[in-house]
Amino acid sequence: MAIQKTNLRRLLATVETLADLGPEITAEREFPRTASATLGLIMQTVGAREGALFIFSDRPAMLSSVAAGGFSLFPDTAIIPLLPKHVHALSTASGPQPISSATWENFLSSNGNIAPELFRCVVPLKVGSKLVGIIALGRREGDGAYDLEEFESLKLLGHYVGVALQNYVLSQSLQQRIAENLRMLASLHNFYDHTLHAFASAIDVKDPHLHGHSLRVGRYASGLGQALGMTDQEVAGLRAGGLLHDIGKVTVDKYIFSKNAALEPREFREIMDHTTIGHQIVHGVEFPWPQIPEIVRWHHERADGTGYPDRLRIDEVSLPVRIVAVADSFDAMTSNRAYRSSLSVGEALSELVRLTPQKYDPSVVQALLIQVRSDAVGRNQTTFLDENLVCNIAAPDVDQLAATVHHKATSGRFLLT
Numbered sequence: 020m021a022i023q024k025t026n027l028r029r030l031l032a033t034v035e036t037l038a039d040l041g042p043e044i045t046a047e048r049e050f051p052r053t054a055s056a057t058l059g060l061i062m063q064t065v066g067a068r069e070g071a072l073f074i075f076s077d078r079p080a081m082l083s084s085v086a087a088g089g090f091s092l093f094p095d096t097a098i099i100p101l102l103p104k105h106v107h108a109l110s111t112a113s114g115p116q117p118i119s120s121a122t123w124e125n126f127l128s129s130n131g132n133i134a135p136e137l138f139r140c141v142v143p144l145k146v147g148s149k150l151v152g153i154i155a156l157g158r159r160e161g162d163g164a165y166d167l168e169e170f171e172s173l174k175l176l177g178h179y180v181g182v183a184l185q186n187y188v189l190s191q192s193l194q195q196r197i198a199e200n201l202r203m204l205a206s207l208h209n210f211y212d213h214t215l216h217a218f219a220s221a222i223d224v225k226d227p228h229l230h231g232h233s234l235r236v237g238r239y240a241s242g243l244g245q246a247l248g249m250t251d252q253e254v255a256g257l258r259a260g261g262l263l264h265d266i267g268k269v270t271v272d273k274y275i276f277s278k279n280a281a282l283e284p285r286e287f288r289e290i291m292d293h294t295t296i297g298h299q300i301v302h303g304v305e306f307p308w309p310q311i312p313e314i315v316r317w318h319h320e321r322a323d324g325t326g327y328p329d330r331l332r333i334d335e336v337s338l339p340v341r342i343v344a345v346a347d348s349f350d351a352m353t354s355n356r357a358y359r360s361s362l363s364v365g366e367a368l369s370e371l372v373r374l375t376p377q378k379y380d381p382s383v384v385q386a387l388l389i390q391v392r393s394d395a396v397g398r399n400q401t402t403f404l405d406e407n408l409v410c411n412i413a414a415p416d417v418d419q420l421a422a423t424v425h426h427k428a429t430s431g432r433f434l435l436t
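Per the working numbering, residue 20 is the first one in the sequence shown, and the count goes up by one each step.
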């Protein structure tokens with residue numbers, strides 16, 4: 020009868036501990052505090068004077084303490100490296116295991132910064148068959164051994180502690196993965212930038228007159244995006260779109276680019292097809308910047324619907340497309356071609372203003388004027404214009420062009436929506 024009363028008291032104590040564990044495990048606070056409170060409840064339930072809670076990590080295999088109590092000497096973080104045999108023994112143990120001088124080597128190694136001989140009992144904490152940690156208990160009150168009833172209590176309590184420990188490990192792992200993903204993303208952007216740079220150079224290699232064209236369009240497009248107040252991610256997408264806008268030209272016969280006479284209809288059709296062919300190339304690629312396919316396809320569309328390949332008007336294409344269209348046209352005008360010489364920066368700007376807003380987005384042309392003016396007065400930290408171009412237009416002349424764009428865009432005569 021006395022034994023039954025003792026067992027009942029232990030059962031009630033276990034149930035009470037379970038009731039107390041719930042709030043402790045789910046409390047919104049730093050996990051070390053939760054771990055310390057949880058360990059204290061378990062030690063109280065089984066009458067342990069000393070105890071520690073360890074987390075298991077498998078790469079490399081080791082136990083690291085997150086809470087400890089009662090030991091006269093215990094490191095801030097106790098580390099116990101494990102051999103494969105130790106991991107196997109803990110993972111396959113059916114419940115709490117008594118530890119003695121003759122058996123501790125079956126479960127723990129002596130290569131850490133804490134002596135395993137301090138422990139009298141280990142409770143493997145598992146979720147399913149996966150080891151997530153252990154509870155290691157030292158001496159009991161009165162130095163007695165842990166009996167079967169206490170092992171049963173520890174087995175039941177250990178299940179809940181194991182789940183809490185697993186949740187903590189998963190949250191830590193998630194935070195680590197997020198940090199790693201951010202580092203990888205930065206590396207990925209660098210990788211994309213170098214790779215797209217190489218693609219752009221390969222696109223332009225067919226014609227010496229095109230040398231550097233895609234690189235400059237990427238540069239101008241990103242500068243226009245900055246002038247328009249776009250985010251760093253959006254600016255990066257503009258640069259990528261500019262680098263790849265002519266990717267369809269890799270299929271165009273080389274002789275067409277160097278022809279210094281008027282193109283035949285078939286030849287012009289082949290040139291025009293570079294937009295749709297380029298779109299076919301890139302539309303299935305998962306870029307970090309989803310606007311790239313539309314930039315590749317529509318950078319020759321014009322505000323009044325006279326462009327190609329789909330004859331879209333300004334309200335039917337996105338701002339990134341309109342930006343690359345201006346960047347592409349500006350570089351084309353200021354570069355030599357087989358059939359004509361290049362325009363100066365001032366001449367190219369005047370021509371773009373003349374064609375705005377019929378052909379180009381006024382806000383984007385204004386952004387181009389802002390960047391060129393900043394170059395003219397030495398305000399840009401990084402020069403906007405390509406190093407081979409000379410800014411031959413003064414700031415007051417740029418201001419006059421900007422006023423003309425504003426008047427034309429707001430007068431109603433050429434307003435396009």
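Using N, Cα and C, we set each Cβ at its ideal position, and we do this for glycine too.
Ser-393, enclosing alpha helix (DSSP H) - first and last residue: Where Ser-393 is concerned, the enclosing alpha helix (DSSP H) stretches over 381–395.
Proximal residues to Thr-96 (C-beta, below 7 angstroms), its chain only, five neighbours per side dropped: Ser-83, Ser-84
Cβ-based burial, Glu-49 [other Cβ within 10 Å; buried from 16]: exposed
Under the three-state DSSP convention, the category Arg-48 falls into: The predicted position of Arg-48 is uncertain, since its pLDDT is 48 and thus under 50; a value taken from the coordinates is nonetheless stated next. Reduced to three states, the DSSP call for Arg-48 is coil.
Gly-70 - containing beta strand (DSSP E), residue span: 70–77
Segments of 3+ residues assigned as beta strand (DSSP E) that fall wholly inside the stretch 102–179: 140–146, 149–156
Separation of Glu-286 from Gly-397, as counted between CA atoms: The straight-line gap from Cα to Cα measures roughly 43 angstroms.
Own chain partners of Gly-114 with C-beta closer than 7 angstroms, once the 5 adjacent residues on each side are dropped: Hits under 7 angstroms: Phe-170, Lys-174.
Other residues of its chain near His-105: CB distance less than 8 angstroms, five sequence neighbours each side excluded: Ala-80, Asn-125, Phe-126, Leu-127, Ser-128
Extent of the continuous beta strand (DSSP E) run through Pro-100: 98–100
Given Asp-323 as reference, the closest of Asp-380, Lys-268, Arg-78, Ser-337 once Cα atoms are compared: Asp-380
Cβ-Cβ distance between Val-345 and Val-391 below 8 angstroms: no
With 16 other Cβ atoms within 10 Å as the buried cut-off, status of Thr-122: Flag for Thr-122 reads exposed.
Buried versus exposed call for Lys-427 [16 or more other C-beta atoms within 10 Å across all chains shown]: buried
Ala-86, DSSP secondary structure in three states: Secondary structure at Ala-86: strand, using DSSP grouped into helix, strand and coil.
Those residues which DSSP pairs with Asp-323 across a bridge: Paired residues: Arg-332.
Nearest candidate by alpha-carbon position, reference Ala-56, set Gly-88, Gln-400, Ile-266, Ala-414: Gly-88
Supposed contact pair Leu-331 and Trp-317 - C-beta distance, whole angstroms, cut 8 angstroms: 6 angstroms
Chain-order list of residues whose beta-carbon lies under 7 angstroms from that of Val-142 (same chain, five-residue window excluded): Pro-115, Ile-153, Ile-154, Leu-173, Gly-177
Stretch-stretch touch, CB-based, cutoff 8 angstroms, three pairs: the stretch 290–297 with the stretch 231–242: Because the criterion of three Cβ pairs below 8 angstroms is not met, the stretch 290–297 and the stretch 231–242 do not touch.
Proximity winner among Glu-69, Glu-283, Lys-145, Asn-407, relative to Leu-137 (alpha-carbon distances): Glu-69
Status (buried if at least 16 other CB within 10 Å, exposed otherwise) for Gln-400: exposed
Stretch-stretch touch, CB-based, cutoff 8 angstroms, three pairs: the stretch 249–269 with the stretch 405–416: Of all C-beta pairs linking the stretch 249–269 to the stretch 405–416, fewer than three are shorter than 8 angstroms, placing the two stretches out of contact.
Reduced DSSP secondary structure (H/G/I, E/B, other) of Ala-346: helix
Under the three-state DSSP convention, the category Met-249 falls into: coil
Where Arg-373 falls: helix, strand or coil (DSSP): Residue state, collapsed to three classes: helix.
Sub-8 angstroms separation of Leu-215 and Leu-257 beta-carbons: For Leu-215 and Leu-257, no; Cβs fall outside 8 angstroms.
Outcome for Ser-119 when other beta-carbon atoms lying within 10 angstroms are tallied against a minimum of 16: exposed
For Thr-402 and Ile-389, the rounded distance between their alpha carbons: 12 angstroms
Ile-74 to Gly-237 span [Cα, whole Å]: The alpha-carbon of Ile-74 is positioned some 50 angstroms away from that of Gly-237.
Cβ-Cβ separation, Ile-314 to Val-343 (assumed contact under 8 angstroms), whole Å: 5 angstroms
Per-residue burial, Leu-201 [other beta carbons within 10 Å of its own, 16 or more giving buried]: The predicted model places Leu-201 with a pLDDT of 49, which falls under 50 and marks its position as unreliable, so this point remains unresolved.
Where Arg-356 sits in the DSSP three-state scheme: strand
Buried or exposed by the 16-neighbour rule on C-beta atoms within 10 Å, applied to Glu-43: Reliability fails at Glu-43, whose pLDDT of 49 lies under 50, so the model's placement of it is uncertain and the value that follows must be treated cautiously. The residue is buried, with at least 16 neighbouring Cβ atoms inside 10 Å.
Three-state secondary structure assigned by DSSP to Ala-240: helix
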